[in-house]
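Asker: Just dropping this structure here.
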Amino acid sequence: MNGSRHLMPARDPAERIKNFEEVALGYTRDIAREEAARCLNCKNAPCMKGCPVGVRIPEFIAKVKADDLDAAAEILHADNNLPAICGRVCPQEKQCEGLCVRAKAGGAIAIGALERFVADFALSKKADASGAAQNSYKIKNDAQNDANVDFSGKKIKVAAIGSGPASLSCAADLARRGVQVTVYEALHKAGGVLVYGIPEFRLPKDIVFKEIEGLKALGVNMVTNVVVGKTLFIDELLEEYDAVFIGSGAGLPMFLGVEGENLCGVYSANEYLTRVNLMGAYKEGAVTPVLRGGKVVVVGAGNVAMDSARTARRLGAEVRLVYRRSRAEMPAREEEILHAEEEGVIFDLLVNPVKILGDENGFVRGLKLIKMRLGEPDASGRRSPVPIEDSEYDIEADEVIVALGTTPNPLIKNSMPSLEVGRKGVISVDGEGRTSIPRLYAGGDAATGAATVILAMGAGKRAAKAILEDLKVR
Ligand SMILES: Cc1cc2nc3c(=O)[nH]c(=O)nc-3n(C[C@H](O)[C@H](O)[C@H](O)COP(=O)(O)OP(=O)(O)OC[C@H]3O[C@@H](n4cnc5c(N)ncnc54)[C@H](O)[C@@H]3O)c2cc1C
């Protein structure tokens, strides 16, 4: 029955750890057609139920099979504002591909790889650097809808805080309806984690910037270097705009809480990756450098830990990843774990740091680890790690990167005390992104805690819909 799933071609590990070039190379047109031909075009489309933004997956794949890539791109862009990004970083195996009926017959259809292929085709078609590719693939339902006024005929203006996928999706859907959107971003470049967190070798920044250019071409105004809650306040935004969307993410890192965490050379993964991705620490003379070479220890085993470990490898380090559970419980995507292993990252499993060791100058020199065993399942359903008595030992480290997850930054809440938040400062919203304050909406990591790009996008889209409904946009 139409053979097995086509593997994603990738760069050779020995070569790729010498640079930051994209690891996954993408399908050729022939491979894409062959992979698309494996799709059974199921009537009930189970794959679509796994897509938080509702991409019409069998339809776009049928067009790839028919080699009608323009039509495939049209269908894809109708529901997904950032398909070239999602095709690269979505955890498809847990979403659309996880529900594919071909999983047991040669492997699930490579929906993510096909999405990437079609989205890259669309981007490359627009030779001009303005990257207005998306503009030519309008949302079908809205194509004739240029509404930009409410029932009173007033021009609608919406502000979005943060420029990650949640705000970008919200902004795109509003702009397509003619709403005037201004995005306020704290950093000097727009894109959120897509730009400062996910490394170039997984998601080339060119692609993110092209997608953002596409949004600008829709009329979205991007204002960078504005920290809402410090340089501009939500109250002020609510005065000037008809509605405000908070898409400020979850950028506050969690730490181990052990002695030695303040030593020089201990970073949160966010800081480490921002230094490298956004501030170019891999270049000579960077103003925010990181260590090159040496011994780097990464604590954690999620995608962020894998990104940190693989980044450190590319900067010439010997990298150990320490994790308190076993391989089976690692939260990172299987592909990321395999890529890290191929690139020579050493996994020290069932161990946990109890102390970070320093030298007389206050620089990190190692870690004290304790061995762990797996006990009964905890609330997360995973077997919980239990320390083994008297099993401590030391390892050397010149740099330690802590990748234990993040929570929303309290700045927004602190500047708006009446805003209701839940556990760990996550902004409370209803199913459509409405907060406790009228005309104030939120979505993405700010309202869920650290999650995924596609969930943030879905939340941005739902909030855009609610804003349009609440403001009675015609
Ligand atoms: C290293 C790393 C790797 C990841 N890999 C994947 C992956 O492979 N696949 C996947 O699906 N997900 C991945 N994720 C998670 C994913 O990136 C996030 O879930 C997603 O980006 C959340 O989108 P968002 O729009 O809610 O927030 P963000 O992308 O975090 O964007 C929020 C933006 O708001 C800005 N901001 C914050 N506070 C303010 C303020 N007060 N004023 C103005 N601006 C503000 C921030 O600077 C930031 O640019 C990864 C995350 C990290 C950190």
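Everything in the sequence shown is counted per my numbering, starting at 337 for the first residue and increasing by one.
All C-beta atoms, glycine included, are put in the ideal place defined by N, C-alpha and C.
Measure the alpha-carbon distance for E370 versus F591 and round it to whole angstroms.
Answerer: Rounded to the nearest angstrom, the two C-alpha atoms are 46 Å apart.
Asker: Can you confirm whether the region 567-585 touches the region 712-727 when touching is taken to mean that 3 or more C-beta pairs between the two stretches lie within less than 8 Å?
Answerer: no
Asker: Should A455 be labelled buried (16 or more other beta-carbon atoms within 10 Å of its own) or exposed?
Answerer: buried
Asker: From the DSSP output, which residues share a beta bridge with F699?
Answerer: For F699, the pairing in a beta bridge is given by DSSP as C600.
Asker: Under the criterion of a Cβ to heavy atom distance below 7 Å, does Y520 qualify as lining ligand 1?
Answerer: yes
Asker: Which same chain residues, not among the five before or five after C422, have their C-beta less than 7 Å away from its C-beta?
Answerer: N416, E451, V789 and I790
Asker: Runs of 3 residues minimum, wholly inside the region 516-586: which ones carry the beta strand (DSSP E) assignment?
Answerer: 516-520, 557-559 and 579-582
Asker: State yes or no: is the C-beta of P419 nearer than 7 Å to some heavy atom of ligand 1?
Answerer: P419: no, Cβ never under 7 Å from ligand 1.
Asker: Relative to the C-alpha of K385, which residue among H342, T742 and K430 is closest?
Answerer: K430
Asker: Taking only three categories from DSSP, how would you classify M666?
Answerer: Looking at M666 - three-state DSSP - the assignment turns out to be coil, as it is neither helix nor strand.
Asker: For K691, write down the residues that DSSP places opposite it in a beta bridge.
Answerer: K691 is bridged to E595 and K704.
Asker: Does ligand 1 have a heavy atom nearer than 7 Å to the CB of I570?
Answerer: No, the beta carbon of I570 sits no closer than 7 Å to any heavy atom of ligand 1.
Asker: To test your reading of the DSSP string, which unbroken beta strand (DSSP E) runs of 3 or more residues are found completely within the region 711-770?
Answerer: Restricting attention to beta strand (DSSP E) runs no shorter than 3 residues, the region 711-770 encloses them at 719-723, 729-732 and 735-738, ordered along the chain.
Asker: So is the beta-carbon of I447 under 7 Å away from any non-hydrogen atom of ligand 1?
Answerer: no
Asker: Determine the closest residue to D714 out of R661, A668 and V700, with distance taken between C-alpha atoms.
Answerer: R661
Asker: If you draw a straight line from the C-alpha of G500 to the C-alpha of V529, how long is it?
Answerer: Looking at the backbone, the Cα of G500 and that of V529 are separated by about 6 Å.
Asker: What span of residues does the alpha helix (DSSP H) with V400 cover, start to end?
Answerer: I393 to K401
Asker: For C375, which residues in the same chain have their Cβ closer than 8 Å to its Cβ, ignoring the five residues on either side in sequence?
Answerer: P394, I397, A398, K401, R438 and I445.
Asker: When the Cα of I582 is compared with those of S764, V425, D695 and G741, which residue comes out closest?
Answerer: S764
Asker: Give every residue of the same chain whose Cβ lies closer than 6 Å to the Cβ of C600, excluding the five residues on either side of it in the sequence, and list them in chain order.
Answerer: G698 and F699
Asker: Within the continuous beta strand (DSSP E) that includes I421, where are the two ends?
Answerer: I421: not part of any beta strand (DSSP E); member of the alpha helix (DSSP H) spanning P419 to V425, first to last residue.
Asker: Quick check: the Cα distance between V687 and L614, rounded to an integer number of angstroms?
Answerer: 32 Å
Asker: Could you check whether the Cβ of C432 sits closer than 7 Å to any heavy atom belonging to ligand 1?
Answerer: no
Asker: Classify T784: buried if its beta carbon has 16 or more other beta carbons within 10 angstroms, exposed otherwise.
Answerer: buried
Asker: Mind checking who E654 pairs with in its DSSP beta bridge?
Answerer: K631
Asker: Quick check on this structure: which residue in T610, A458, C506 and E357 has the alpha carbon closest to the alpha carbon of V623?
Answerer: Checked all of T610, A458, C506 and E357; the closest Cα to V623 is T610.
Asker: Where does K797 land, buried or exposed, given buried means 16+ other C-beta within 10 angstroms?
Answerer: Buried, because 16 or more other Cβ atoms sit within 10 Å of the Cβ of K797.
Asker: Return the chain-ordered list of same chain residues with a C-beta closer than 8 Å to the C-beta of V594, the five sequence neighbours on each side being excluded.
Answerer: P689, V690, K691 and I692
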